[in-house]
Amino acid sequence: MKINHPFSLLFLILGLSLQAQEEEPYFVFEDYDWEEEQAPFSGELDDSTAALILKEKHLFNFHLEDERLVMDRLFHQRIYINSTRALEEYNRRYVPTGEGSELLKFRARAITGTKVTEIDEDDIQTGQLEDSEAEYNYFAFEGLELGSEIEFYYINRLSPNTDGLMINYQEEYEIKDLEIDVVTPWGLVFDSKVYNLPDSVMNDTVLEQENRLYMRTSVPAYEEESVTPSEALMGRVIFKLDRNLYTGDRDITSYNYTAQNVVAFLTSELNRKSEKVIKKEAKAAQEYLLDEEPNFTTAQRVEHYIKDNYSYYNVGAAELRDLEFIRDRKVFNTVGGVRLYCGIYDFLEVPYQIVYTCNRNQLFFDSEFEADNFLDEMLIYVPEDDLYIDISESMSRNGVLNFNYTGTQALFIDKEMLADEYVAITEVKEIPYPPSIFTSDTIIAKVVFGPDLLDNKVDIYRAMTGFSARSYQGIFELIDDEDDLKEFKETLISYIDDEGEVEDLEVENAMARYVGYKPLQAKGSLTDIRFLENAGQDLLLNVGKLIGPQMAMYDEDSVRNHDIYNQYAHKYYRSIEFEIPEGYTLVDPEKLVFDEKLVIDGETKALFTSNYSKEGNKVLVTIEEWYEDKTYPKEFFQEYLKVINAAADFNKVSVLLEKEA
-4 MKINHPFSLL FLILGLSLQA QEEEPYFVFE DYDWEEEQAP FSGELDDSTA ALILKEKHLF
56 NFHLEDERLV MDRLFHQRIY INSTRALEEY NRRYVPTGEG SELLKFRARA ITGTKVTEID
116 EDDIQTGQLE DSEAEYNYFA FEGLELGSEI EFYYINRLSP NTDGLMINYQ EEYEIKDLEI
176 DVVTPWGLVF DSKVYNLPDS VMNDTVLEQE NRLYMRTSVP AYEEESVTPS EALMGRVIFK
236 LDRNLYTGDR DITSYNYTAQ NVVAFLTSEL NRKSEKVIKK EAKAAQEYLL DEEPNFTTAQ
296 RVEHYIKDNY SYYNVGAAEL RDLEFIRDRK VFNTVGGVRL YCGIYDFLEV PYQIVYTCNR
356 NQLFFDSEFE ADNFLDEMLI YVPEDDLYID ISESMSRNGV LNFNYTGTQA LFIDKEMLAD
416 EYVAITEVKE IPYPPSIFTS DTIIAKVVFG PDLLDNKVDI YRAMTGFSAR SYQGIFELID
476 DEDDLKEFKE TLISYIDDEG EVEDLEVENA MARYVGYKPL QAKGSLTDIR FLENAGQDLL
536 LNVGKLIGPQ MAMYDEDSVR NHDIYNQYAH KYYRSIEFEI PEGYTLVDPE KLVFDEKLVI
596 DGETKALFTS NYSKEGNKVL VTIEEWYEDK TYPKEFFQEY LKVINAAADF NKVSVLLEKE
656 A
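Start counting the sequence shown at -4; every next residue gets the next number (our numbering).
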């Protein structure tokens, strides 16, 4: 739920219109152009460099136009093509368009040797996304070759973004010359912060009637690494409006402004028809699933009632905010969902808080530089149940959120009555990162040899909880086709070999309402799978195959730039039982023993261990694997690899069943 800041643009009209215009504006879009004659790139690049960005310029010009504040945005790139991959990537470029965007100027050209091919605005084409009515505009370069250069720029007029103008400027290709400018009227003072790269923002002290923050730098190529959130770690800068010298306001872009707007929205009066909707739906929600699951709390019942009966749509249509329309059509958007959830909680006197955070896979929440970029995802928190609710995600139940919203800081907003008026109470704190016990995946497999060691099968029991179960539990109810549903259920135990045949399958708790509440359980048999091979008169039993395919990280660089990021703490337990066939001897069971651990400051933070026991002809193999922390220091990367690769190594283990003489 995006909330606009409550300051009026009237001060701009009054303040800016009275300014003396003795100096020329820093940027006039009609005057901007590239250099017609430029020396081609003459440096040397090795084959590993797919492309080189020779020039990249971002400019945002805030100014008054027809008594309103607008923002002209310039984007200009010049790129040297050094690979077939880059040829394909840069053959087509996109021009951002859409509601509220006006294309002011556009030029593009391709330079191959002495040949220059220019593209003008008439060459911009329109495409349509698959399975969608959404359209996009693009232009294409013809006849590009290795060694070609492309150059283009466009200028759009947009609604001004003052509460968090974020420029992501680092990518997989080096930028030799980066320019960033943010130009504003004298009375609007912006602040900035650079992330992940050195801060090189400077303030123009020459201009008198305008402000300009700018960067002039080169940017190294971002080097991808496994188990890291690359998007969150790339270089970026955020600009935000901090002071208004016309009115004397300070800290304009702040979490307090947003919080007070949220509270004003939550405490606004509903009309009589909307009140009736809330009253009726609150009573229905309060009794929902009461007979089936009496231990659900009131807050949980509300969540299940709404998610089982309503759908979320990520569109801004005004009718999706109207409670009567929402009740009749069973659909809502973010604002409408907040009205519905919070209206019901208020009626049922369930205390709650609004929580704003961001996806830590894309952006790390900043508690010090308060910009709206970090308030991208909205949740509802019920303190008495320690329950987080994502109104936009139907498969997120009982506090099992998208894991990227956990282990990250967030803005918590509460309300309090003070002097007959509700005020916002804010606190920045962390949404907990659940321990590994929260997300478990348990498999108990028993090998059953058929007569003459033919028609062998594996009896399997599997139980999943937490984030592992979330990937499945909420989906079963969405599949209408019986064959598709059967196939999806079978994946729970066909993990060993998807070519195997599943028999006698039983699945329990395959409903979204049980995510985080009851484990997803499955049991059945898998036949027609190859885990036994002939080795002359002897046999090879591929015990490792019975834990299923494992991620391997064998080809990793020894030098690590970033820490290791764990998506979520999780635990695996595997038990494999088999009987040594009559007339055979188990020769090398010690191959089943693994013991790899990641230990930091004397504490085990991750491990893969396996062992076996033998009683008569019965062999029991147990495997435990878990990863506890959200991040591991990069200095421990090799130890981390040993744990990860131990699982992949075990997956390849076969033991020898030797034919007795």
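Ideal Cβ positions, reconstructed from N, Cα and C, are used throughout, including at glycine.
Shown here, PHE291 sits in coil according to DSSP, grouped into three states, outside any helix or strand.
Remark: fewer than three beta-carbon pairs, one from each stretch, lie closer than 8 Å, so the region 322 to 334 and the region 142 to 156 are not flagged as touching. Cβ neighbours of PHE369 within its own chain (closer than 6 Å, five residues either side excluded): CYS353, PHE360 and ASP361. Between PHE260 and LEU160, the C-beta gap is not smaller than 8 Å, which leaves the two residues out of contact. DSSP lists LEU54 and TYR209 as the bridge partner or partners of ASP176. DSSP places PHE234 in the strand class (E or B) of the three-state scheme. Note that the C-beta distance between VAL502 and LEU521 is not below 8 Å. Look at the region 64 to 112 and you find these whole runs of alpha helix (DSSP H), each 4 residues long or longer: 79 to 85. Under the three-state reduction of DSSP output, VAL423 falls in the strand class. Going by C-alpha positions, GLU610 is about 55 Å away from GLU372. When DSSP states are grouped into helix, strand and coil, THR329 belongs to the helix group. Counting along the chain, no beta strand (DSSP E) covers ASP478; the unbroken alpha helix (DSSP H) around it starts and ends at 477 to 485. In the DSSP annotation of this structure, ASN556 is not part of any alpha helix (DSSP H), being labelled neither H nor E. Within the DSSP bridge table, the entry for TYR568 names THR437 and GLU619 as partners.
Cα atoms of GLU226 and ILE559: separation of roughly 14 Å, rounded to the nearest angstrom. In the DSSP assignment, GLN123 is bridged to GLU130. Cβ contact annotation for LEU382 (same chain, cutoff 6 Å, sequence separation greater than five): ALA294 and GLY394, in chain order. Taken atom to atom, the span from the alpha-carbon of ARG211 to that of GLN33 is near 20 Å. In the structure shown, SER463 falls within a helical segment according to DSSP collapsed to helix, strand and coil. In terms of Cα proximity to TYR622, the closest of PHE444, LYS592 and GLY597 is LYS592. Within its own chain, the residues whose Cβ lies closer than 7 Å to the Cβ of ASN399, once the five positions on either side in sequence are excluded, are ASN354, ARG355 and ASN356, listed in chain order. When C-alpha distances from TYR376 are compared across ARG392, SER387, GLN348 and ASN77, the shortest belongs to GLN348. About 6 Å separates the beta carbon of LEU139 from that of ASN86, a gap short enough to meet the 8 Å contact definition. Going by DSSP, LYS271 is part of the alpha helix (DSSP H) stretching over 267 to 282. Bridge partners of ARG245 according to DSSP: ARG238. Going by beta carbons, VAL638 and PHE603 fall inside the 8 Å limit.
Here TYR567 is buried, its C-beta having at least 16 other C-beta atoms within 10 Å.
Look at ARG392 here: in three-state DSSP terms it is coil, with no helix or strand label.
For PHE36, the three-state secondary structure derived from DSSP is coil. Contact between the region 50 to 70 and the region 18 to 25 is present: 3 or more CB-CB pairs across the two stretches fall below 8 Å.
Under the DSSP assignment, ALA227 falls in the alpha helix (DSSP H) whose first and last residues are 225 to 228. With a contact defined as Cβ atoms closer than 8 Å, TYR164 and ARG231 qualify at about 7 Å. In the three-state reduction of the DSSP assignment, LEU335 falls in the helix class. When secondary structure is reduced to three states using DSSP, THR580 falls in the strand class. With a beta-carbon spacing of about 4 Å, GLN532 and LYS654 fall inside the 8 Å limit used to define contacts.
Only residues of its own chain outside the window of five on either side were considered, and among them MET506 and ALA507 have a CB closer than 7 Å to the CB of GLU472, listed in chain order.
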